Each structure stands twice: as C-alpha cells, then as structure tokens.
Amino acid sequence: MSVTTGVRRPTILVADDSPQNIELLTRVLGSDHRIKVATSGEKALQLAYSDEPPDLILLDIMMPDLSGHEVCRRIKANPDRRRIPIIFVTAMSTIEDEAMGLSLGAVDYITKPISPPLVQARVRTHLALYDQSRELERMVAQRTSELVATRQQIIRRLGRAAGFKDHQGGNHVVRISHIARLLGQQIGLGPEALQLLFQTSALHDVGKIGIPDHVLSKPGPLTDDERVLVRQHPQIGADIIGRHEHELLATARTIALTHHERWDGTGYPQGLQGEQIPLFGRIVAMADVFDALMNDRPYRPAMTGPQALAIIAEERGRAFDPVLVDAFMQQQYEILRIMELYADERGAGFADSVI
54 MSVTTGVRRP TILVADDSPQ NIELLTRVLG SDHRIKVATS GEKALQLAYS DEPPDLILLD
114 IMMPDLSGHE VCRRIKANPD RRRIPIIFVT AMSTIEDEAM GLSLGAVDYI TKPISPPLVQ
174 ARVRTHLALY DQSRELERMV AQRTSELVAT RQQIIRRLGR AAGFKDHQGG NHVVRISHIA
234 RLLGQQIGLG PEALQLLFQT SALHDVGKIG IPDHVLSKPG PLTDDERVLV RQHPQIGADI
294 IGRHEHELLA TARTIALTHH ERWDGTGYPQ GLQGEQIPLF GRIVAMADVF DALMNDRPYR
354 PAMTGPQALA IIAEERGRAF DPVLVDAFMQ QQYEILRIME LYADERGAGF ADSVI
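Quick note on my numbering: the sequence shown kicks off at 54 and runs consecutively.
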C-alpha cells in the first residue's frame, strides 16, 4: 500500500521499551502509517488519552512501570478509548499468555521475533475492522438523532393540538418547554435531565383532547359537573400516553398525570403533597399556571407580568414548591423574555425555527 497525497494515514502507537523493536516496527509500518512511540506504559496511556488518540496500538507486555497487561486493562476500562484495537506484540508465546492478552480485550496477539508481512496483514485487517465499526457507530448515532428529533416533533405537535382545543395559543407548549428547562437549570439539573424535561413537558395537557369543547371554551364559571370533567384531563392524558418502559414516554406520562397536583395536597387527581409530587410535575405546574395567567382565556383577559408574578409568589408553599418559586423569581426576567420571544403573535413557524 502506497502513500496517497491528501489521504489520511492511520496512526499506530508502538509501545515497547526496546529501541530495536521500535525501529523494526517503524520500518515495517512507517511508509503507510503515522507512528507514535512510547517506551513505557505511562507514556502509552498518555498518548492513548490525548486529543489525537491512535487508531491502533501495538503493545509489548514486559515494560517498565506499567505492564502491557495493565495498560490494556486501563484503556479498555475507559469508555472514550476502549474501542481502540490493541495487538500484543511480545516474546511471551505460551497459550496461557495469549489467552491472558485476549481476555483483557486485545484483538490479536503476535509473538516475537515478528514476521513483517504478518504484522502488516494483521494491522491492515484490524484497522479496516475499526473503520467499519466507527462508521457503523456514526450511522447508528445519526439514525438515533433523527429518531429523537422526529419523536420530539410528534410530541410538540400533539401538545399543540391539545393547546388549540383549550384556546391556548400555538406556542403555549413551546413556552412551557423553555420555562421548565430554565427552572430545571436554575435548581441544578444535569444536561440529560434538562433535555428530557424540555422534550416531555409539551404533553402536559394532552388529556384535554378528551374534554368537551363547550366546557373548555365556556366564557363563565364552570358548574360542579363541568369542573369534574375538566379535572379528568390529567388521567386522560396519562391514559393516552400509556405505560412505557422508554424513559421519554414514561416521563411524559408522569408530567401529564401530576401537573395539577399542589404542594399543599389540595390538587388533583391524586391529592399528592409536597415531594410526593414528582419534580418534573412540580416544575411544569408552575410554568403552566404562569403561562395561563399571562394569556387570554375565555373567562378572563391576560394579566400583566407583575400581576402574574405576584400570584406565583403568593402561592409559594401552597400551590407550588417553595424552592421552585425562589428559582422562578431568580429567573423572572428571562422567563418574561421567553414569553415575549415565543408569543403566539409571532407564529408557530417562528418558534420552530429558533428551537
């Protein structure tokens, strides 16, 4: 195989404490590969963990400080580097030695003195397999990303359908998602939890699909029977989503079921109290109420920002988790900015374009 201009050459890490062995392997492989050299186990680990890790490691077993076995064990324990193929190149040639090396995660075992054609063939084979593995991982990651994006769009569209039925604007679920994520960030949730909260909060009111239009759009106070009907929507939403092992849908169900529970235990449908209410349900409850206060409803006009904020503050320890109310107030200006940025007047298309 000859060197082709513009084609990336694979990087081989040769880890051996013998200058003669390093020179021989460099001569055998250097024309087609970039060669990095380590004369100790510690140096081999440094190069493996660097920002430009090797594509393959040729590893001697008998080295100063750390043995090749220990180097291999540590690399295979590192999630970011464990896929790098390791070939032991050693004078330890018994069946037991070979079995030991392979059990640690090495892909091959070459005994010294080496045969140059054999080394070239083995390196070529394992680099090709590694390339195929990385390409497959890339394709799987891309496909997974596409599925996640599609699922998120379906969730948002279904959430919007419920919002329109309740005469909420088309961007109601977008605002809720952004406010919920902001509150989660303020109280210290990690990136994965924040993304999950952002994706699933849009389905909080999906159960309103099952409530009659004349009840949801009624301009005056509800009768007792109508109030009973409206209070069924959390359970209807949970039933629509169903029970799933997948975290995304399981979380969406939890939010739909619990976003009308109150901190003091007077909410519905289960009358949960305090931290019995799942955290995501508590977060979405406050975001949902604030958005409702700030927008027109059939039975009242929209409130101003200060009026809505005052109600949130008044409900600290009653409707809402005190810790979350404090977080809400600390982020009130950013929350008001979200309300303005994703106002219904700007259109659902705009909200999609900036998410």
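Backbone N, C-alpha and C fix where the C-beta goes; we use that ideal spot for every residue, glycine too. Note that the coordinates shown come from a computational prediction; the quantities given were computed from them, not determined experimentally.
* To do: Round the Cβ separation of residue 365 and residue 334 to the nearest angstrom and send it over; I've been treating them as touching at under 8 Å.
  => Sequence index remark: in the sequence shown, residue 365 carries index 312 (1-based). Sequence index remark: in the sequence shown, residue 334 carries index 281 (1-based). Between the beta-carbon of residue 365 and that of residue 334 there is about 16 Å, and that puts the pair past the 8 Å contact cut.
* Asked: What residue from 63, 85, 94 has the CA that sits closest to residue 70's CA?
  -> In the sequence shown, the residue the question calls residue 70 occupies position 17. When 63, 85, 94 are compared, the shortest CA-CA separation from residue 70 is found for 94.
* Which value, in whole angstroms, describes the spacing of the CA atoms of residue 276 and residue 346? -> Here residue 276 is taken as the residue at index 223 of the sequence shown, counted from 1. Here residue 346 is taken as the residue at index 293 of the sequence shown, counted from 1. Spanning the two alpha carbons is a distance of roughly 21 Å.
* Contacting residues, own chain, Cβ-Cβ under 8 Å from residue 352 (five flanking each side not counted) -> Position 299 of the sequence shown, counted from the first residue, corresponds to residue 352. Excluding five sequence positions before and after residue 352, the CB atoms of its chain that fall closer than 8 Å to its own CB belong to 271, 272, 273, 274, given in chain order.
* **Selected residue, minimal CA-CA separation from residue 359, among 341, 371, 379, 386** => Reading the sequence shown from its first residue, position 306 is the one you call residue 359. Of the candidates 341, 371, 379, 386, 386 places its Cα closest to the Cα of residue 359.
* Do the CB positions of residue 140 and residue 112 come within less than 8 Å of each other? -> Here the question's residue 140 lines up with position 87 in the sequence shown. Here the question's residue 112 lines up with position 59 in the sequence shown. A contact, by the Cβ cut-off of 8 Å.
* To do: Consult DSSP for residue 372 and reduce its assignment to one of helix, strand or coil.
  => Here the question's residue 372 lines up with position 319 in the sequence shown. It is coil, neither helix nor strand.
* Hey, out of 114, 148, 185, 144, whose CA is closest to residue 137's CA? -> Position 84 of the sequence shown, counting from 1, holds the residue named residue 137. Selected option, being the one with the closest Cα: 185.
* To do: Classify residue 287 as buried or exposed, calling it buried when 16 or more other Cβ atoms lie within 10 Å of its own Cβ.
  => As a working note, residue 287 is residue 234 in the sequence shown. Classification for residue 287: buried.
* What alpha helix (DSSP H) runs, 4 residues minimum, are completely inside the region 111-139? -> For the alpha helix (DSSP H) assignment, the uninterrupted runs of no fewer than 4 residues enclosed by the region 111-139 are, from N- to C-terminal side, 121-129.
* Asked: Can you name the start and end residues of the alpha helix (DSSP H) that residue 96 belongs to?
  -> One-based indexing of the sequence shown puts residue 96 at position 43. 94-101 is the span of the alpha helix (DSSP H), which, as asked, contains residue 96.
* Close beta carbons around residue 374, own chain, < 6 Å, minus the five adjacent residues each side -> The residue you call residue 374 lines up with position 321 of the sequence shown. 316, 335, listed in sequence order.
* Give the range of the beta strand (DSSP E) segment to which residue 162 is assigned. => Translated into positions along the sequence shown, residue 162 becomes position 109. Unbroken beta strand (DSSP E) run through residue 162: 161-164.
* the region 73-85 contacting the region 115-130, beta-carbon criterion three pairs below 8 Å -> Because the criterion of three Cβ pairs below 8 Å is not met, the region 73-85 and the region 115-130 do not touch.
* Simplified DSSP assignment, three categories, for residue 315 -> In the sequence shown, counting from the first residue as 1, residue 315 sits at position 262. Here DSSP, grouped into helix, strand and coil, assigns residue 315 to coil.
* Asked: By a C-beta neighbour count over all protein chains shown, 10 Å radius and 16 as the cutoff for buried, is residue 99 buried or exposed?
  -> If you number the sequence shown from 1, residue 99 lands on position 46. When all chains shown are included, residue 99 counts as exposed.
* Report back the beta-carbon spacing between residue 66 and residue 89 to the nearest angstrom; my notes put them in contact at under 8 Å. => Sequence index remark: in the sequence shown, residue 66 carries index 13 (1-based). Sequence index remark: in the sequence shown, residue 89 carries index 36 (1-based). At roughly 5 Å, the Cβ-Cβ gap stays under 8 Å, so residue 66 and residue 89 are in contact.
* Thinking C-alpha only, which one of 253, 149, 78, 107 is nearest residue 302? -> Looking up residue 302 in the sequence shown gives position 249. When each option's Cα is compared against that of residue 302, the closest is 253.
* Asked: Helix, strand or coil for residue 271 per DSSP?
  -> Position 218 of the sequence shown holds residue 271. DSSP, read as helix, strand or coil, puts residue 271 in coil.
* Residue nearest to residue 378 in terms of C-alpha spacing, selected from 240, 299, 393, 264 -> On the sequence shown, residue 378 is found 325 positions in, with the first residue counted as 1. Of 240, 299, 393, 264, the residue nearest in Cα terms is 240.
* Asked: Using the rule of at least 16 other Cβ atoms within 10 Å of the residue's Cβ for burial, across every protein chain shown, is residue 391 buried or exposed?
  -> Start at 1 with the first residue of the sequence shown, and residue 391 comes out as number 338. Residue 391 should be labelled buried.
* Among 79, 162, 144, the one whose alpha carbon lies nearest that of residue 151 -> Taking the first residue of the sequence shown as position 1, residue 151 is located at position 98. The shortest CA-to-CA distance from residue 151 to any of 79, 162, 144 is the one to 162.
* **Contained alpha helix (DSSP H) runs [length at least 4] in the region 324-395, N- to C-terminal order** => Segments of the alpha helix (DSSP H) lying fully in the region 324-395: 332-346, 358-367, 375-383, 385-394.
* If you follow the alpha helix (DSSP H) that residue 283 is part of, which residue opens it and which one closes it? -> Residue mapping note: residue 283 aligns to position 230 of the sequence shown, counting from 1. Segment 277-283, the alpha helix (DSSP H) holding residue 283.
* Asked: Hey, out of 160, 269, 283, 144, whose CA is closest to residue 135's CA?
  -> If you number the sequence shown from 1, residue 135 lands on position 82. If we check each option's Cα against that of residue 135, 160 comes out closest.
* With DSSP as the reference, label residue 68 as helix, strand or coil. => Within the sequence shown, residue 68 is the residue found at index 15, counting from 1. Here residue 68 carries a strand assignment [DSSP, helix/strand/coil].
* To do: Measure from the alpha carbon of residue 144 to the alpha carbon of each residue in 154, 165, 155, 130, then state which is nearest.
  => By 1-based counting over the sequence shown, the position of residue 144 is 91. Of the listed residues, the one whose Cα sits closest to residue 144 is 165.
* The alpha helix (DSSP H) enclosing residue 88, as first and last residue numbers -> Position 35 of the sequence shown holds residue 88. For residue 88, no alpha helix (DSSP H) encloses it; the enclosing beta strand (DSSP E) starts and ends at 87-91.
* Asked: Can you check whether the CB of residue 290 is closer than 8 Å to the CB of residue 259?
  -> Residue 259 sits at position 206 when you count from the first residue of the sequence shown. Residue 290 sits at position 237 when you count from the first residue of the sequence shown. For the 8 Å CB-CB criterion, residue 259 and residue 290 form a contact.
* Asked: Under three-state DSSP, which class holds residue 256?
  -> As a first step, residue 256 must be located in the sequence shown, where it is residue number 203. Of the three classes helix, strand and coil, the one that applies to residue 256 here is helix, per DSSP.
* To do: Please state if the CB of residue 246 and the CB of residue 230 are separated by a distance shorter than 8 Å.
  => By one-based count along the sequence shown, residue 230 stands at place 177. By one-based count along the sequence shown, residue 246 stands at place 193. No; because the gap between Cβ atoms is not below 8 Å, this pair is not in contact.
* Assign residue 294 to one of three DSSP states: helix, strand, or coil. => As a first step, residue 294 is located in the sequence shown; it is residue number 241 there, counting from the start. Secondary structure at residue 294: helix, using DSSP grouped into helix, strand and coil.
* Identified DSSP bridge partners for residue 141 -> The residue labelled residue 141 in the question sits at position 88 within the sequence shown. In the DSSP output, where bridge partners are listed per residue, residue 141 has 112, 162.
* **Residues of its chain near residue 361, where Cβ-Cβ distance is below 7 Å and the 5 sequence neighbours each way are ignored** => Here residue 361 refers to the residue found at position 308 of the sequence shown. Cβ neighbours of residue 361 beyond the five flanking positions: 343, 346, 347.
* **Terminal residues of the alpha helix (DSSP H) in which residue 149 lies** => As a first step, residue 149 is located in the sequence shown; it is residue number 96 there, counting from the start. Its alpha helix (DSSP H) spans residues 148-156.
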